[in-house]
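First residue of the sequence shown: 1, per UniProt numbering; consecutive thereafter.
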Amino acid sequence: MAARAFLLALALGGARAQDVEIEAVPDVEVVQRPQLLYSSISPKLRIQGKGFGKVAGDVHAAFIPPLEKKGKRFYNLTVTDTVLTIGLKKGFQWPQSSTGETSTLFLQSLVVDAHGSQNQLPNPVPVASIIPPPSVVRGEDKLVYMTGTNRFLINGTGFREGSMSLTFDPPLIRDVDYVLAVRSPTCMQLVLKTGRKWRSDGEPGPLRLRRIDSGAGALRIDPKFGGVIVAEVQVDLGGHGVIASPSPQTLLYQNAPSLVIKGSGFAHVNEVANFGSPRLRWGNGLLGRGVNYTVSTFDDNKVELVLKPGSVWRRNGANLPAPLTLLAADVGSGLVAMGATEARKGVRVATVFEAPKINPQPLTSLFRTHSAQLWITGVGFTRPGSVVGGFGGEMKLDFEPELKVGQDYTLTVFNRTHLLVRLREGRAWAAAPGPLYVVGCDAGAGPYEAFKPAAVAHILPDADSHPSGVEVTRTNSQVLYQTPAIRHLEIHGSSLSMEAKLVFSPPLYKNVDYKVLRATSDLMVLGLLAGKTWRQTAGHLMLMSIDTGDGAVEMAHGTGIVVADVAANPTVATSTARITASTTRRLSIYGTGFSIDGTELTLEPTSRSAYDVEAVYENEVVLRLREGKTWGSLGSAESMPLVVTKIDTAAGEYIFQDTYGKPQPVVVALIVPDSAATTKGGDVMRCDDTCMWANDGVCDDGSKGRGKDGDARDGAWWEDDDLGGWYSDEREDTDEFDQYDYGYMYDDSYGYYGDDAAMPACIAGTDCTDCGGPLEFMAEDDDADADAGDWDDDEWFDDDTEEWWDDDYDFGEEWDGFEDDEKDGDGPIGIISSVQPSKKPNKRHMTKEQREALKHGSGGFFDVAAHPAAAAGAALAALVLAAVGCLSFCKKEEGLPTENPCLGGKRKQAQA
């Protein structure tokens with residue numbers, strides 16, 4: 001990088017010096033479109049522009065780094081009016097960084113005699129990015145099962161994230177058959193997609209990588225042998241047929257004593273000597289084998305687990321309710337992934353709720369009818385709609401003395417620790433004074449059997465009636481906005497009058513904050529004056545006392561009676577985020593003052609029948625477009641604003657207007673045509689629910705992107721409560737423990753060190769409802785000219801009649817050419833040889849039976865030494881494997897790794 005920066009500075013400095021003396025001629029232009037080139041393989045470089053002329057002798061170019069030695073160019077040049085083509089001579093290569101990183105080739109000066117003898121470039125122009133050609137380590141020693149193995153690694157060098165293209169035999173299609181992740185320049189990971197096979201023909205045999213393209217063009221690998229073998233695919237074993245059935249409707253509390261998992265194939269363990277019961281791998285690091293639970297009974301169709309006392313199925317109550325996810329099962333043939341392995345999705349075998357608990361508060365006093373509400377604190381409270389996938393019931397409480405929800409009180413759950421009980425008007429907390437208990441609780445998973453009753457209040461008698469006959473009725477169901485809307489404040493009671501003096505908390509003053517609009521003996525109507533508020537903040541408005549001429553009458557022994565519930569004035573945040581007319585399925589509208597008990601919006605041009613209110617939070621309302629509906633009809637317009645004109649948060653309609661009272665709708669989105677959501681290639685992005693995992697509350701097509709700090713797991717429900725993180729109870733390196741290790745995200749038998757990035761389980765756009773819509777994962781705009789010209793229409797450059805970049809590869813006397821040149825369209829630009837591995841087969845990728853076969857000289861391994869390129873590749877193999885030694889991922893008895901070994905020297909340099 002330092003060398004490249006020096007060359008760039010040198011180039012720019014030279015250009016500035018020339019700018020002082022020479023004025024650029026505008027008739028010649030060079031397009032800044034750097035072409036990727038392999039340093040030792042790519043035969044040509046094309047530079048596009050205009051005004052070059054047609055005679056090569058009239059063009060004189062200078063490059064940085066230079067493409068000449070001792071005044072002699074090591075390239076040939078051909079010219080058209082719009083293209084300069086640079087073809088390397090045999091035996092030369094493009095200048096490459098000494099560190100092996102990507103380097104940039106600049107065109108420093110360009111003189112076209114037809115335009116004079118001056119440099120026609122005002123500044124150096126980057127024209128190429130030079131990258132090292134990739135190499136691939138042979139993998140004949142890697143045994144994978146047709147579907148039983150969910151992932152394996154390909155090692156080599158020169159791998160580049162985001163630009164790798166692989167061609168296999170038998171054919172495998174990226175993102176259809178497998179997902180590719182470049183872990184480092186020396187390691188790629190292939191993850192099998194759900195329902196696919198490692199060999200598309202379904203027959204066992206080698207999986208060959210025929211071609212590889214790291215960005216600068218396809219390269220053939222070992223073409224004489226049909227490609228390099230990267231894995232040996234074997235038929236699935238009987239134990240690979242184990243299946244766990246999804247059961248999200250199974251609801252249990254985190255400390256439930258047992259759990260039954262249904263499926264098939266569990267009894268295969270009986271065919272494996274000394275294996276024991278089925279072994280399970282969980283998404284939250286839950287440990288079996290007596291650590292957290294034991295397998296009590298099992299047969300072919302189910303497994304019953306018994307929780308160990310003191311353990312829980314999921315421990316992080318703050319993230320519950322949430323799925324209990326089974327990632328993999330081992331019934332004697334190694335861990336078999338459950339569900340969509342590419343997304344680490346697993347199978348949801350239950351929905352776990354936090355064990356509810358209520359904090360006793362026996363000293364809280366409530367008047368029998370005058371007190372309006374009771375706050376209850378504890379843990380494990382669940383709001384309706386808070387469960388992923390919509391499973392689970394509503395929060396319920398059992399009181400003693402008995403109170404009936406909906407009839408005597410209403411219940412609002414604000415979060416997992418706070419809920420509010422509101423006494424309905426005309427009802428009482430109890431028939432007589434005394435303690436009020438909560439004796440039972442259902443947090444959504446059914447009555448909690450281990451619930452401990454708690455006293456939550458002590459009921460006191462109401463104040464005696466005043467001799468004057470003045471009374472005020474509690475009206476806590478009356479909801480008002482802070483500032484005037486449609487409703488006025490109504491006070492109900494007896495012996496009321498226009499002249500009554502009212503004392504409020506917070507204070508309000510007659511003819512200063514409000515005026516009495518009208519009054520009868522049983523009703524007073526108060527109107528707020530302009531510029532005033534019922535309360536500065538949201539909350540209860542209390543009437544503390546009233547005086548009708550016979551002295552002040554204190555309400556509820558001086559504690560006051562609720563006469564209104566004042567809601568905050570709602571606000572809606574302005575947004576011009578784009579949504580498509582019909583393929584964006586969800587829309588979030590943000591603001592303040594929303595009521596979680598119900599908020600309604602009035603939109604234009606969207607009709608209320610076009611969407612459902614899916615969820616309401618204090619600062620967000622989530623709308624979901626109904627099937628067959630649109631946010632608005634655009635006609636020929638390119639876009640249309642979606643606005644909120646008014647809102648109702650249970651205090652009546654609140655109309656958005658300016659300071660002069662004129663309606664002022666709030667723009668919350670910009671509706672664009674469905675065709676606005678396109679892929680990078682220009683295709684209209686699909687948006688449907690054809691993914692097998694659609695409508696489960698989790699976005700599975702990758703469109704949600706990464707969380708904060710680039711962490712793909714940030715906020716993921718499967719990562720919230722690992723039991724100890726980097727944990728292992730492996731006590732010795734024996735076959736017994738090798739087969740089933742509990743190292744969370746560590747064991748090679750399921751993944752490998754650093755395998756923490758979930759991949760899309762579905763094709764982009766096929767989980768539309770869960771992901772919100774296609775605009776969320778649109779490609780960045782490509783500023784490159786779509787009509788930049790054909791970059792592959794000129795003749796190849798040769799210094800003789802043969803393709804010199806293939807001359808160094810020995811095909812043998814019987815080789816008669818490549819059969820796939822015509823049918824594949826874009827032909828490869830060169831050939832590379834595979835690299836011989838220097839490591840023995842990693843036993844952690846094998847079953848016990850495979851390791852035993854290997855010890856006795858069998859097991860189906862190929863003799864890699866017989867490969868014709870083995871000797872030539874030995875030196876390079878040693879260099880490559882030294883760089884990728886981190887991929888052995890060996891565990892040590894003395895402890896777990898303190899850092900990612902794949903970072904190697906980079907981390908050490910950073911620390912230094």
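Idealized CB from N, CA, C, for every residue including glycine.
For the structure I just gave you, are there three or more beta carbon pairs, one from the segment 569 to 587 and one from the segment 488 to 501, closer than 8 Å? Because the criterion of three Cβ pairs below 8 Å is not met, the segment 569 to 587 and the segment 488 to 501 do not touch.
Is there a Cβ from chain C that is less than 8 Å from the Cβ of Ser468? Here there is only one protein chain, and chain C is not present.
What residue range is occupied by the uninterrupted alpha helix (DSSP H) comprising Cys771? Cys768 to Cys771
Val512: buried (16+ other C-beta within 10 angstroms of its C-beta) or exposed? exposed
Residues in the same chain with beta-carbon distance under 6 Å from Gly765, minus the five sequence neighbours each way, listed in chain order, please. Met685, Arg686, Cys687 and Pro774
Going by DSSP, which residues form a beta bridge with Cys187? Asn155 and Ser184
Would you kindly work out how many angstroms separate the C-alpha atoms of Gly227 and Ile831, rounded to a whole number? 11 Å
Below 8 Å on the Cβ atoms is my contact criterion, and I expect residue 937 with Met542 to pass it. Report the Cβ-Cβ distance as a whole number of Å. This structure leaves residue 937 out entirely; the chain is present only between 1 and 912.
State the Cα-Cα distance for the pair Leu411 and Val672, rounded to the nearest angstrom. For Leu411 and Val672, the distance between alpha carbons rounds to 41 Å.
According to the Cβ coordinates, are Ala581 and Gly632 closer than 8 Å? yes
Span separating the alpha-carbon of Phe367 from that of Ala450: If you take the alpha carbons of Phe367 and Ala450, they lie about 31 Å apart.
Would you call Trp791 buried or exposed, if buried means 16 or more other Cβ atoms sit within 10 Å of its Cβ? Any reading at Trp791 is ruled out, since the residue's pLDDT is 41, under 50, leaving its predicted position unreliable.
Where do the ends of the beta strand (DSSP E) carrying Cys441 lie? Gly434 to Asp442
Under the assumption that Thr769 contacts Asp689 (Cβ atoms under 8 Å), give the Cβ distance between them as a whole number of angstroms. 5 Å
How would you label Met498, buried or exposed, when you count the other beta carbons within 10 angstroms and need 16 or more for buried? exposed
Check whether the Cβ atoms of Ala105 and Ile47 sit closer than 8 Å, and answer yes or no. Before going on, a small fix: residue 105 reads as Leu here, not Ala. Not closer than 8 Å, so no.
Since I believe Leu166 is in contact with Arg160 (beta carbons under 8 Å), could you give me their beta-carbon distance rounded to a whole number of angstroms? At roughly 13 Å, the Cβ-Cβ gap does not stay under 8 Å, so Arg160 and Leu166 are not in contact.
Could you tell me the distance, in whole angstroms, from the CA atom of Phe399 to the CA atom of Leu259? 30 Å
Exposed or buried, what is Ala530 when buried is set at 16 or more other beta-carbons lying within 10 Å of its beta-carbon? exposed
Could you tell me the alpha carbon to alpha carbon distance between Ser838 and Pro170, rounded to whole angstroms? 26 Å
Boundaries (first-last residue) of the beta strand (DSSP E) holding Ala457: Ala454 to Leu460
Contact belief for Val379 with Glu354 at Cβ below 8 Å, rounded distance in angstroms: 6 Å
Would DSSP call Ser609 helix, strand or coil? helix
Selection from Leu587, Met164, Ala454 and Phe594 that minimises the alpha carbon distance to Asn359: Ala454
Please state whether the Cβ-Cβ distance between Thr584 and Thr533 is less than 8 Å. no
The segment 549 to 568 touching the segment 467 to 481, judged by at least three CB pairs closer than 8 Å: yes
Buried versus exposed call for Pro65 [16 or more other C-beta atoms within 10 Å across all chains shown]: buried
Contact set for Gly241: own chain, Cβ-Cβ below 7 Å, skip 5 residues either direction: Gly265
Could you give the first and the last residue of the continuous beta strand (DSSP E) run that contains residue 932? The displayed coordinates of the chain run from 1 to 912. Any statement about residue 932 would go beyond what the structure contains.
Span of the beta strand (DSSP E) holding His370? It is not in any beta strand (DSSP E) - His370 carries neither H nor E in the DSSP assignment.
Taking DSSP as the reference, what is the three-state secondary structure of Asp800? Caution is warranted here: a pLDDT of 38 is assigned to Asp800, below 50, making its placement in the model unreliable, and no coordinate value can be reported.
Please report the distance separating the alpha-carbon of Leu327 from that of Ala669. 39 Å
I think Val137 touches Gly156, with their Cβ atoms under 8 Å apart; what is that distance to the nearest whole Å? 5 Å
With DSSP as the reference, label Asp398 as helix, strand or coil. Reduced to three states, the DSSP call for Asp398 is strand.
Between which two residues does the beta strand (DSSP E) holding Ser333 run? From DSSP, Ser333 is part of no beta strand (DSSP E); its letter is neither H nor E.
Check whether Ile829 and Ser40 have beta carbons under 8 Å apart: no
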